[in-house]
Amino acid sequence: MIPVSWYLVVSVLLLACGLVGLAVRRNFITVLMSVELILNAANLNFVAFARQLGDVAGQVFPVFVITIAAAEAAIGLGIIVQLTRLKSTVALDAVQEMRG
Amino acid sequence: MQFLVTHFAQAVFMLLALFCLGGAVGVVLFRQPVHAALSLLASFLGVAGLFVLAQGEFLAAVQVLVYAGGVMVLFLFVIMFVNVRTVGKEVQYLRPLVPAAVVGALLFSALALTALWALSRRPLQDPSPLAMVEGAMVGNTEAVGWVLYRDYLLPFEVVSVLLLVAMVGAIVLGRKPKEGERP
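Below you can see the structure in the form of structure tokens.
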């Protein structure tokens, strides 16, 4: 039997990786991948606690999270396609039009 | 050997955790987006394995189908669409890499310590069996289906509308602008 704290540690590590990637990477595509990592960490927590508390509802919410992740990936990649058309780059530093 | 037999689930968990965390680190570190995407695929498959270990068989299948299948193909397609050769030469990391890594490490330790402290204060009871629908033991997929379509029908419909909106938005974003139209 695997204790729930192991799952929490793995999930926190995934979240930390995702957040560092979100902050450090300057490439739009890898930033989107980091967001997927963060959502995966949340899913892992949901499933771990569904197991712990014996409630299947904890396995229903990841379905919604996965749906939203797919929607976000589709929109984000659409924006990337437009960005490469407009500026022929995927570097986030190139997008500074709305800078104050 | 006896240790491995008695702690088989733990050993598999460690292996899968290593798999998915190694993938996650690779996403942050690899310069080339293709390498990062394949690393992310490893991470997704590791998470799917962890779902199986936590009795989430249906979710593991969804994870493999939607993430490793759909989202990953989308990412790879866009990476191929965008010219990768020019991408590799651009600035890939924020300049103050060390402060960012320190902040990430601090965040991780704060969250992990909080979780472990809370668990040590009030240990959780033994996990109760999953996959119960009105007292009868059923398969995981059936149990998830019951809860999804009975208790969470409205969120399900809302999320399907959201998916439709996202699909239309992606199509509108992806099309070429017409003559004389601002992109």
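Each protein sequence line maps, in turn, to chains C and U. Residues 1 to 100, numbered by our numbering, are exactly what the first sequence covers, in order. Residues 1 to 183, numbered by our numbering, are exactly what the second sequence covers, in order. By construction, the Cβ of each residue, glycine as well, lies at the ideal position given by its N, Cα and C atoms.
Cβ distance (whole Å) where residue i is taken to contact residue j below 8 Å
| i | j | result |
| --- | --- | --- |
| Val90 (chain C) | Phe28 (chain C) | 5 Å |
| Gly18 (chain C) | Ala41 (chain C) | 6 Å |
| Gly169 (chain U) | Gly58 (chain C) | Not a contact, Cβ separation roughly 30 Å. |
| Val64 (chain U) | Ala48 (chain U) | 5 Å |
| Tyr7 (chain C) | Ala48 (chain C) | 3 Å |
| Ala54 (chain U) | Arg51 (chain C) | 4 Å |
| Met167 (chain U) | Ala74 (chain C) | 7 Å |
| Leu76 (chain U) | Ala37 (chain U) | 6 Å |
| Val63 (chain C) | Leu148 (chain U) | 7 Å |
| Gly46 (chain U) | Phe19 (chain U) | 4 Å |
| Ser34 (chain C) | Leu116 (chain U) | Wrong, their Cβ atoms sit about 25 Å apart, outside the cutoff. |
| Ile66 (chain C) | Val66 (chain U) | 5 Å |
| Thr30 (chain C) | Pro33 (chain U) | 6 Å |
| Glu14 (chain C) | Ala24 (chain U) | The sequence given here places Leu at residue 14 (chain C); Glu does not occur at that position. The pair is a contact, with the Cβ atoms about 5 Å apart (cut-off 8 Å). |
| Val171 (chain C) | Ala112 (chain U) | There is simply no residue 171 (chain C) to check, as chain C begins at 1 and stops at 100 in what is shown. |
| Val144 (chain U) | Val60 (chain C) | 6 Å |
| Phe58 (chain U) | Thr141 (chain U) | 4 Å |
| Val71 (chain U) | Glu36 (chain C) | 7 Å |
| Leu44 (chain C) | Ser11 (chain C) | 4 Å |
Per-residue DSSP class, three states only, for residue i
| i | result |
| --- | --- |
| Arg25 (chain C) | strand |
| Ala42 (chain U) | helix |
| Ala54 (chain U) | coil |
Endpoints, the alpha helix (DSSP H) within which residue i is located
| i | result |
| --- | --- |
| Tyr149 (chain U) | 140–150 |
| Pro155 (chain U) | 153–174 |
| Ala11 (chain U) | 8–29 |
| Gly70 (chain U) | Looking at the DSSP string, Gly70 (chain U) is not in any alpha helix (DSSP H), and its letter there is neither H nor E. |
| Thr114 (chain U) | 97–121 |
Contact test: residue i Cβ vs the ligand SAM heavy atom, cutoff 6 Å
| i | result |
| --- | --- |
| Leu45 (chain U) | Of ligands this structure carries none, so the ligand SAM is not represented either. |
Pull out every residue of the stretch 29–47 of chain C whose Cβ sits closer than 8 Å to any Cβ of chain U, in chain order.
Ile29, Thr30, Leu32, Met33, Ser34, Glu36, Leu37, Asn40, Asn43, Leu44, Val47
Taking a cut of 9 Å between CB atoms, which residues from the stretch 66–78 of chain U lie near chain C?
Taking 9 Å as the Cβ-Cβ cut-off against chain C, the residues of the stretch 66–78 of chain U that qualify are Val66, Tyr67, Gly70, Val71, Leu74, Phe75, Phe77, Val78.
Between the stretch 100–122 of chain U and chain C, which residues of the former have CB atoms less than 7 Å from a CB of the latter, in chain order?
Flagged, chain order: Ala100, Ala101, Gly104, Leu107, Phe108, Leu111, Ala112, Ala115, Leu116, Leu119.
Which residues, taken in chain order from the stretch 43–56 of chain U, show a beta carbon closer than 8 Å to some beta carbon of chain C?
Hits within the stretch, in order: Ser43, Phe44, Val47, Leu50, Phe51, Leu53, Ala54, Gln55, Gly56.
Taking beta-carbon pairs under 7 Å, can you tell me which members of the stretch 169–180 of chain U lie near chain C?
Gly169, Ala170, Leu173, Gly174
In the stretch 7–28 of chain C, which residues sit with their C-beta less than 8 Å from some C-beta in chain U, listed in chain order?
Tyr7, Leu8, Val9, Val10, Val12, Leu13, Leu14, Leu15, Ala16, Cys17, Gly18, Leu19, Val20, Gly21, Ala23, Val24, Arg25, Arg26, Asn27
For the stretch 65–82 of chain C, enumerate the residues whose C-beta is nearer than 8 Å to any C-beta of chain U, in chain order.
Ile66, Thr67, Ile68, Ala69, Ala70, Ala71, Glu72, Ala73, Ala74, Ile75, Leu77, Gly78, Ile79, Ile80, Val81, Gln82
What are the complete alpha helix (DSSP H) segments, minimum 4 residues, inside the stretch 14–61 of chain C?
Counting only runs of 4 or more, we get 28–53.
Note down, in chain order, all residues in the stretch 84–96 of chain C with a beta-carbon under 9 Å from any beta-carbon belonging to chain U.
Thr84, Arg85, Leu86, Ser88, Thr89, Val90, Ala91, Asp93, Ala94
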